[in-house]
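> After the structure tokens below, expect a handful of questions from me.
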Amino acid sequence: MKHKILVVEDEAIIRRGLIKSVNWEDFDLEIVGEANNGKTALSQLATTYPDIILLDINMPIMNGIELLEILPENTYSIIVLSGHSEFEYAQQAIKFGVVEYLLKPIDQDKLIEALIKAKDRVDQMRRLPSKNEDVYQFLNLHQHVNSITLTKALDYIKENYQHKIILEDLVNQTKKSTTSINNRFQQHLNMTFNEYLTLYRIQIAIEHIKEHQYHLYEIADMVGYNDYKYFNQVFTKVVGVSPKIVRTYFTRNQQK
């Protein structure tokens, strides 16, 4: 599947030069639109659905920074183009999570490097559905469990996942030893207690991310992680992409 690009640059000569400077087919890219200011670009987003935006900073009517302020965070892979090397401009762009900040005149090799980097970010988002399904497949295994001990353990996790849980907590619930409980997880679910707990928490986190009602650090706390950095590491390891990219994926699909 090709990656779609919207070129936003007010100077027609530069805009056309950019479009002609790359053999887009060679990189599985295609230009789906062009705009000479942020306002025009904004109106095109709903019809062209670009994956990547080449965005100039200084434009009339609505400049690049103003457009970035309107766009949902990390919804698109954005490469900023600017004639200004001042730190303030770069700092503002980085704040919005842009992929790259390129100075004019644009060096073709650097542009191609930035495009490849932008493609990688898009590909991460595209891989999310299969990763999401993997998580659900693991967790749906408990529907076929034929073990009273394991059922009690799973119920306890369901009711207490937002708090600190260790294997020893299940001893009182099941009247079984920690070894026996962990053996049940291995036998019926082919995973350890800790692996199941992690997957369950990530499933709940994904549901909260879909709803878009809470900040990511709040979601981390809601599913039992009081350290957001650690939550981010665990989430990325399980799902394959970060919580921020998952939020981006669902945001884009809701817009469509």
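Quick note on numbering: the numbering used here labels position 45 of the sequence shown as 655, and the sequence is numbered without any gaps. All residues carry an ideal CB built from backbone N, CA and C; glycine is no exception.
1) Return the chain-ordered list of same chain residues with a C-beta closer than 8 Å to the C-beta of Q718, the five sequence neighbours on each side being excluded.
2) Beta carbon of L665, beta carbon of I680: below 9 Å?
3) Name the DSSP bridge partner or partners of S692?
4) Output the residue ranges of the alpha helix (DSSP H) runs that lie fully inside the segment 644-685 and measure 4 residues or longer, sorted by chain position.
5) Within the same chain, show all residues whose beta-carbon is closer than 7 Å to that of L900, passing over the 5 residues directly before and after it, in chain order.
6) Given M735, which residues of its chain have a CB within under 8 Å of its CB, disregarding the five upstream and five downstream residues?
7) Quick one: what's got a C-beta closer than 7 Å to H818's C-beta in the same chain, skipping five residues either side?
8) I need the straight-line Cα distance from K727 to Q702, nearest angstrom please.
9) Under 9 Å, do L678 and L691 count as touching if we go by C-beta distance?
10) Buried or exposed: where does N800 fall if 16 or more other Cβ atoms within 10 Å of its Cβ makes it buried?
11) What are the boundary residues of the beta strand (DSSP E) that L807 is part of?
12) Helix, strand or coil for I775? Go by DSSP, reduced to three states.
13) Please look up how many angstroms separate the CB atoms of V618 and A656, rounded, as I've assumed it's under 8 Å.
14) Closest to I663 by CA distance: which of R625, Y699, P670 is it?
15) Could you spell out where the alpha helix (DSSP H) holding V732 opens and where it closes?
16) Using alpha carbons as the reference points, say which of E723, I641, M672, I667 lies closest to S653.
17) Along the chain, where does the alpha helix (DSSP H) containing K614 start, and where does it finish?
18) Apart from the five residues on each side of it in sequence, which residues of its chain come closer than 6 Å, Cβ to Cβ, to V708?
19) Would you identify the three-state DSSP class for E698, choosing helix, strand or coil?
20) On the criterion of 16 or more Cβ atoms from any shown chain inside 10 Å, does R636 qualify as buried, or is it exposed?
21) Just verifying my parser: in three-state terms, what is the DSSP assignment at V642?
22) Just to check my reading of the structure: I641 and I629 have Cβ atoms closer than 8 Å, yes? What is that Cβ distance to the nearest angstrom?
23) For S687, which of helix, strand or coil comes out of DSSP?
24) From I775 to N804, what distance separates their C-alpha atoms?
25) Quick one: does H822 have its CB under 9 Å from some CB of chain D?
Well, looking at it:
1) S631, V632
2) no
3) L713
4) 648-658, 674-680
5) Past the boundaries of the shown model lies residue 900; the chain is included only from 611 to 866, so the question cannot be answered.
6) Excluding sequence positions up to five before and after M735, its CB lies within less than 8 Å of the CB of V851, I855, T858, Y859, R862, all in the same chain and listed in chain order.
7) Closer than 7 Å at Cβ, skipping near neighbours: Y824, I829, M832.
8) 20 Å
9) no
10) exposed
11) No beta strand (DSSP E) contains L807, which is instead part of the alpha helix (DSSP H) from 803-821.
12) coil
13) Contact annotation, V618 with A656: C-beta distance approximately 15 Å; criterion of less than 8 Å not satisfied.
14) R625
15) Note, V732: alpha helix (DSSP H), 718-736.
16) M672
17) Segment 613-618 is the beta strand (DSSP E) holding K614; no alpha helix (DSSP H) there.
18) I688, V690
19) helix
20) Rather than Arg, the amino acid found at residue 636 in this sequence is Asp. So D636 counts as exposed.
21) strand
22) Yes, I641 and I629 are in contact; Cβ-Cβ is about 6 Å, under 8 Å.
23) In this structure, DSSP gives S687 an extended state, which the three-state scheme calls strand.
24) 9 Å
25) You won't find chain D in this structure, because it holds only one protein chain.
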